[in-house]
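Below is one structure, written out as structure tokens; comments come after it.
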Amino acid sequence: MEYLVYTIGFFVGASLISFYVTLGERILRFFYGLERKGLILKQKIYKILFLPSSCNQCGKRIGTLHLIPVFGYFFSSQKCPECKSQIPFYYPVSEFMGGLVFFYSYLVFKNWFLSICLLVLFGHLLISIYTDSKKYSLDYENYPFILLSGLGFNHILTGVFFPKESFFVFIGFFLFYILIYFIYKRGIGLGDVFFAPILGFICGHPWWILYFNISYISAVAFTILLRDKGKSLKGARIPMGAYLAFGTMITFLAKIYYYKGF
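Under the numbering used here, the first residue of the sequence shown is numbered 77, with each subsequent residue one higher.
Have a look at this one:
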């Protein structure tokens, strides 16, 4: 029976993360792309939340079999059956990771609600990763969801909703980033000035140290690994918001292990 719970939970986690990946795509499509023109806010929100899943290239609706998390990618032979465009590999990877996050959190908490809460936080962080890596843009409307879901999960994990040390972490991060922004504007975006302190706030003390280090180590590592061969790193644009969100994910997994173990 327990195997069934984990199996169902895995697909629930994968489906939820798939939903957030789609949200990230549609936010860019209807708020930043050409399709934003001629649509009022209400229409944009409706399309983002309720538009049936379809191919990003030709608009063909995706069949039920191909919507199955992780496996749907392989059932479709990695291509749209209509226009034959390649389906991005990040779909099955993100879905699989979402399933693993649920698996781990349920293994620790034995609670569906807590596992879903963690996935909601990770889902909103994933939106920031997607929008920043694609358009170097952080969606400000996403910040409150990250803040509230992060604080809520912290309260569940530690029993404290607003630890006073976190306010000092927030102030420290904000002063540090606003200083960098005014001294060297090309070195950081305004979105990061607000995003980094919020993430530092929900990570808390002393976890902000892990969050900060993972964010910048991963930024340097991936920038070097993903750069075009022979191209200088000088002046290269880095989607720092994406790495800050990634660092937050790792930090929360580490916090769970610290407080609850396996």
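Beta carbons: idealized from backbone N, C-alpha and C, even for Gly. Owing to the predicted nature of the structure, the values given are computational and were not obtained by experimental measurement.
(request) Provide the residue(s) that pair with residue 313 in DSSP beta bridges, ordered along the chain. (result) By DSSP's assignment, residue 313 forms no beta bridge with any residue.
(message) Measuring only the C-alpha atoms, how far is residue 260 from residue 179?
(response) 43 Å
(message) Please classify residue 304 as buried or exposed, where buried requires at least 16 other C-beta atoms within 10 Å of its C-beta.
(response) exposed
(message) Once the 5 residues before and after residue 335 are set aside, which same chain residues still bring their CB inside 7 Å of it?
(response) 233 and 234
(request) Look at the alpha carbon of residue 327 and the alpha carbon of residue 287, and state the distance between them as a whole number of angstroms. (result) 6 Å
(request) May I have the straight-line CA-CA distance separating residue 299 from residue 247, to the nearest angstrom? (result) 28 Å
(request) Identify whether residue 133 lies in helix, strand or coil by the three-state DSSP scheme. (result) Coil.
(request) For residue 159, count neighbouring C-beta atoms within 10 Å of its own C-beta (all shown protein chains included) and say buried if the count is 16 or more, exposed if not. (result) Exposed, because fewer than 16 other Cβ atoms sit within 10 Å of the Cβ of residue 159.
(message) Can you tell me whether residue 154 is helix, strand or coil according to DSSP?
(response) Judged by DSSP in its simplified three-state form, residue 154 adopts coil rather than helix or strand.
(request) Could you name the residues of the same chain whose beta carbon sits closer than 8 Å to that of residue 283, not counting the 5 residues immediately before and after it, in chain order? (result) 327, 330 and 331
(message) Closer than 8 Å is the cut-off here; do at least three beta carbon pairs connect the stretch 202-211 with the stretch 83-97?
(response) yes
(message) As a quick exercise: from 89, 88, 101 and 79, pick the residue whose alpha carbon is nearest that of residue 208.
(response) Cα-wise, what sits closest to residue 208 is 101.
(message) If I follow the unbroken alpha helix (DSSP H) through residue 173, where does it start and stop?
(response) 166-185
(request) Could you spell out the range, first to last residue, of the alpha helix (DSSP H) harbouring residue 268? (result) Per DSSP, residue 268 is one residue of the alpha helix (DSSP H) stretching across 266-279.
(message) At the level of alpha carbons, what is the spacing between residue 142 and residue 149?
(response) Cα-Cα distance, rounded: 6 Å.
(message) Quick check: what's the CA-CA separation for residue 238 versus residue 227?
(response) When rounded, the distance between both Cα atoms is 7 Å.
(message) Three Cβ pairs or more, each shorter than 8 Å: is that satisfied between the stretch 152-166 and the stretch 174-194?
(response) no
(message) Can you check which of these residues, 214, 136 and 245, is closest to residue 281 by C-alpha distance?
(response) 245
(request) Would you tell me roughly how many angstroms separate the C-alpha atoms of residue 170 and residue 86, rounded to the nearest one? (result) For residue 170 and residue 86, the distance between alpha carbons rounds to 12 Å.
(message) Closest to residue 90 by C-alpha separation, out of 242, 177 and 278, would be which residue?
(response) 177
(request) Pull up the DSSP beta-bridge partners for residue 162, would you. (result) 155
(message) Less than 6 Å between C-beta atoms, sequence neighbours within five positions excluded: which residues of the same chain meet that for residue 319?
(response) 291, 294 and 295
(message) Rounded to whole angstroms, what is the Cα-Cα separation between residue 134 and residue 275?
(response) 37 Å
(message) Going by beta-carbon coordinates alone, are residue 257 and residue 272 separated by less than 8 Å?
(response) no
(request) Go through the stretch 176-243 residue by residue and report every complete run of the beta strand (DSSP E) that reaches 3 residues or more, in order. (result) none
(message) Quick check: what's the CA-CA separation for residue 110 versus residue 210?
(response) 15 Å
(request) Pull up the CB-CB distance for residue 214 and residue 267, whole angstroms please, since I reckon it's below 8 Å. (result) 4 Å
(request) Determine the extent of the alpha helix (DSSP H) in which residue 141 is found, giving its start and end residues. (result) No alpha helix (DSSP H) holds residue 141; DSSP gives it neither H nor E.
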